[in-house]
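See below for the structure under consideration.
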Amino acid sequence: MPHAAVPRPAFPSRTTAAVAARATDLSKVYGQGETQVVALDAVSVDFRQAQFTAIMGPSGSGKSTLMHCMAGLDAISGGSARIGDVELTGLKDKKLTQLRRDKIGFIFQAFNLLPTLTALENITLPMDIAGRRVDQEWVGRVVETVGLSGRLSHRPAQLSGGQQQRVAVARALAAQPEIIFADEPTGNLDSRSGAEVLGFLRESVRAMDQTVVMVTHDPVAAAYADRVVFLADGRIVDELAEPTADSVLDRMRRFETAGRTS
Ligand SMILES: Nc1ncnc2c1ncn2[C@@H]1O[C@H](COP(=O)(O)OP(=O)(O)OP(=O)(O)O)[C@@H](O)[C@H]1O
Ligand SMILES: [Mg+2]
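All residue numbers for the sequence shown refer to our numbering, where the first residue is 976 and numbers rise by one.
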């Protein structure tokens, strides 16, 4: 399609940008009776398009549960979870699978690469499975941006941890999902590889209008985001815009103090 003459619309303003995903009074309860755990307690949050959000909070506060519920990997107990305009609850299995495949990228802490496939085959696998045409130009751009151009024919065992995670990031981006959820994507990486992956995620938001939601424990990692949402006991307890490592750390310290005195 010849579209070179049509100028791309300007960046959506960060205040009016469309909502890529939205939780409204989202609840998630595991188990029953005595063993019941309220993992999410009426969480309401918007993830706007072309925004990079970090999710932080103590272990067990519900971060992974929130990501899984929003990505349609886990059923919710109450409220609503939407991707774009689509309500996840009530979707038939087939439609949910399609939505996950076409609109959502998920980066797991353990890269989940297939060992027998090369880096490039891993990156295009979701599209190959879906029978979707691979947009070579886009994949080329993604591969170049993550700095994997010289490693495409390597298998995961021949790549460093940072390179493997970059393959996982490229795989999530290659299919051009509406939103990427990343659950501690740098948890297993040394600081240099971690910085590469974070820099790339941020770049994908700036340059490609990607929407990214990332769980992290690390204030330095959170500082790559546009905004930090803090969870505690399954609730959103605070939010921080334009975070720096210092401002995040400061906020975390305040929670600890509040927790001790209550
Ligand atoms: N499948 C499950 N069955 C029962 N309880 C669960 C299940 N998954 C999570 N939980 C509970 O729900 C709560 C939230 O767990 P979640 O994994 O979302 O925490 P998290 O914030 O991601 O923690 P971490 O930082 O340790 O990864 C915890 O109390 C946990 O024990
Ligand atoms: Mg978790």
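Even glycine gets a Cβ: it sits at the ideal position worked out from N, Cα and C. Since this is a predicted model, take the numbers as computed values, not measurements.
When the Cα atoms are used, what is the spatial distance from residue i to residue j?
i: VAL1203; j: ASP1077; result: 26 Å
i: ILE1098; j: GLY1162; result: 21 Å
i: ASP1221; j: GLU1214; result: 15 Å
i: THR1232; j: LEU1206; result: 16 Å
i: VAL1117; j: ASP1110; result: 11 Å
i: ALA1157; j: GLU1009; result: 32 Å
i: LEU1095; j: VAL1114; result: 9 Å
i: ALA1197; j: VAL994; result: 21 Å
i: SER1179; j: GLN1026; result: 10 Å
i: ILE1154; j: ALA996; result: 8 Å
i: THR1093; j: LEU1134; result: 10 Å
i: PHE1086; j: GLN1140; result: 6 Å
Tell me which residues share the same chain as residue i and place their Cβ nearer than 8 Å to its Cβ, disregarding the 5 neighbours each side in the sequence.
i: GLY1137; result: LEU1164, ASP1165, ARG1167, SER1168, GLY1169, GLU1171 and VAL1172
i: VAL1012; result: VAL1004, TYR1005 and GLY1006
i: SER1036; result: LEU1206, ALA1207, ASP1208 and GLY1209
i: ALA1014; result: LYS1003, VAL1004, TYR1005, GLY1037, THR1040 and GLY1209
Is residue i near ligand 2, judged by its Cβ being under 7 Å from some heavy atom?
i: LYS1078; result: no
i: ASP1158; result: yes
i: VAL1190; result: yes
Looking at C-alpha atoms only, which residue of the options is the closest neighbour of residue i?
i: ALA1200; options: ASP1184, ARG1177, GLY1209 and HIS1192; result: ARG1177
i: ASP1049; options: GLY1065, GLY1106, LEU1134 and GLY1059; result: GLY1065
i: LEU1089; options: LEU1123, ARG1130 and VAL1117; result: ARG1130
i: LYS1038; options: LEU1001, LEU1063 and ALA1094; result: LEU1001
i: PHE1083; options: HIS1043, GLU1062, VAL1212 and GLY1059; result: HIS1043
Quick check: does the Cβ of residue i come within less than 7 Å of any heavy atom belonging to ligand 4?
i: LYS1003; result: In the structure shown, ligand 4 is absent; the only ligands present are ligand 1 and ligand 2.
Near residue i, which residues of its chain fall below 7 Å by C-beta distance, leaving aside the five closest residues on each side in sequence?
i: ALA1150; result: GLY1080, PRO1101 and MET1102
i: LEU1224; result: PRO1194
i: ALA1145; result: ILE1098, VAL1117, VAL1118, VAL1121 and LEU1123
Which same chain residues, not among the five before or five after residue i, have their C-beta less than 6 Å away from its C-beta?
i: ALA1046; result: ILE1079, PHE1081 and PHE1156
Legend entry - Below 6 Å from a heavy atom of ligand 1 - residues by beta-carbon: Result (chain order): TYR1005, GLY1006, VAL1012, ALA1014, GLY1032, SER1034, GLY1035, SER1036, GLY1037, LYS1038, SER1039 and THR1040.
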